[in-house]
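K.L.:
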Amino acid sequence: MLDECKALANDTRLRILEWLKDPEASFPECAGETAEFGVCVGLIQRKAGTSASTISAHLAILQRVGFLCATRRGQWTYYRRDESRIRTFTEHLHRTL
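So that you can map any letter, position 71 of the sequence shown is 71 in full-length UniProt numbering, and since no number is skipped, the others follow by simple counting.
Structure below.
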């Protein structure tokens, strides 16, 4: 649980999770494409205004704790939230605090 809390202790990572909660609203340029794979890392990077290496590090942290799932399609990687994992974490947090 500590790793999950650390992952959420960063504004950029929180914003990424918020954006991916409603990807069609947050990334209207790819509306309709997000349902199958998620959002391309390049769009997330552009919206965050960070370098490729920085956004990759943030996404890796969120993926490592299970909040994001990645799908590789050719040279592109797409990310989407793992709603089940997020729900399990928040329920555990609610029970223990």
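Beta carbons: idealized from backbone N, C-alpha and C, even for Gly. The structure displayed is predicted, hence computed values, not measured ones.
Taking Cβ to Cβ, would you say tryptophan 76 is nearer than 8 Å to cysteine 40?
P.N.:
yes
K.L.:
Classify valine 65 as helix, strand or coil using the three-state DSSP reduction.
P.N.:
coil
K.L.:
What's the C-alpha gap between lysine 6 and threonine 71?
P.N.:
24 Å
K.L.:
Give a yes or no on whether the C-beta atoms belonging to arginine 15 and alanine 48 are separated by under 8 Å.
P.N.:
Yes, Cβ-Cβ distance for arginine 15 and alanine 48 is below 8 Å.
K.L.:
Write down the C-beta distance between alanine 52 and glutamine 45 rounded to the nearest angstrom, noting that I regard them as a contact closer than 8 Å.
P.N.:
6 Å
K.L.:
Excluding the 5 residues flanking threonine 12 on each side, which residues of the same chain have their C-beta closer than 6 Å to its C-beta?
P.N.:
Ala48, His58
K.L.:
Using a Cβ-based criterion (distance less than 7 Å to any ligand heavy atom), does arginine 80 qualify as near the ligand ADP?
P.N.:
Within the structure as shown, the ligand ADP is missing, as the structure has no ligands at all.
K.L.:
According to DSSP, is alanine 70 helix, strand or coil?
P.N.:
strand
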